[in-house]
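The structure appears right after this line, and notes come after that.
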Amino acid sequence: MSLIKDIQDILKKDWKLLLAVNIFYFGLVIIGALIALSSPDLQLMLLTQTGESFSEGPLSAVGEAYQSGDVLRAAGVTLITNFFLGTLAVITIPSLIFPIWAPIMGAIRALMWGIMLIIPVEGVLPLKNLIPHYLTILLEGEAYVVAIFACVRQIKALVWPKDFGEESRLKAYLISILDNAKLLVVVILLLTIAALYEAWEVQYFAGILN
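Next comes the structure, spelled out in structure tokens:
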């Protein structure tokens, strides 16, 4: 299929940029974990606030889906939330107008993950539950890395339009936006795998899996 080939060509051409975004994102996760080590009260506060949002806030539907013990239901709600809210609304759409938005929001998310979800907290986030969740962080994080990478390529199109085979910055930018849409296929695939695994591991280790 031409779409698959187009995606392969994008990733092959700009693999160094993709690697740089990976180092940027997961490096900030590690920095966040170091912050949690030095400020455990901050970690506990953020975990408490996040837990409240899943129980009675805007993400309560996600919390209810996980409490159901139904893996497919929880995975479906997770995928919808992570793609439409976590990716399109927070990263991709704002970056169509302001491309630097993607790495800024990515940096905030990575730091928050690092602060909250890497270091165990006795009685709140036990190590036995946290270790299997690291794979969720890697899978979902990589999906967001690809989404950020696609937006950073828009910056590249404005600075170096010839890399997109165009003299015009506008034409190069439009090509990068089309490429961004193609890369969303990779984002959806990664988020789907992450959602299925997360729905299983969270419910299994919480002892509520049907």
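Quick note on the numbering used here: the sequence shown kicks off at 77 and runs consecutively.
Don't be surprised by glycine CBs; every beta carbon is placed ideally from N, CA and C.
All of these numbers come straight from a predicted model, not from anything done at the bench.
Less than 9 Å separates the beta-carbon of Leu172 from that of Ile253.
Residue environment analysis places Trp91 among the exposed positions, since fewer than 16 neighbouring C-beta atoms fall within 10 angstroms of its C-beta. Using a C-beta cut-off of 8 Å, the segment 101–113 makes contact with the segment 173–192, since at least three inter-stretch Cβ pairs fall below that distance. Contact annotation, Gly145 with Ile284: C-beta distance approximately 5 Å; criterion of less than 8 Å satisfied. Residues of the same chain with a CB within less than 7 Å of the CB of Leu104, apart from the 5 flanking positions on each side, are Ala183, Ala186, Leu187, Gly190 in chain order. In the DSSP secondary-structure assignment, Leu201 is bridged to Val197. In the DSSP annotation of this structure, the continuous segment of the alpha helix (DSSP H) that includes Lys81 starts and ends at 78–89. Under the 10 Å beta carbon count, Pro237 is surrounded by 16 or more other beta carbons and is classified as buried. In the three-state reduction of the DSSP assignment, Ser171 falls in the helix class.
Straight through space, the alpha carbons of Leu266 and Ala219 are spaced by roughly 5 Å. Straight across, the Cα-Cα distance linking Ala96 with Lys232 is about 13 Å.
Here Phe102 has no same chain residue with a Cβ atom under 6 Å from its own Cβ, once five neighbours each way along the sequence are excluded. In this structure the segment 138–152 does not lie against the segment 192–202, because fewer than three pairs of beta carbons, one per stretch, are closer than 8 Å. DSSP, reduced to helix, strand and coil, places Asp146 outside both helices and strands of the structure shown, so it counts as coil.
Non-local C-beta neighbours of Leu155 in its own chain, meaning closer than 7 Å and more than five positions away in sequence, comprise Leu267, Thr268, Ala271, ordered along the chain. Counted as a single uninterrupted DSSP element, the alpha helix (DSSP H) harbouring Leu120 occupies residues 116–131.
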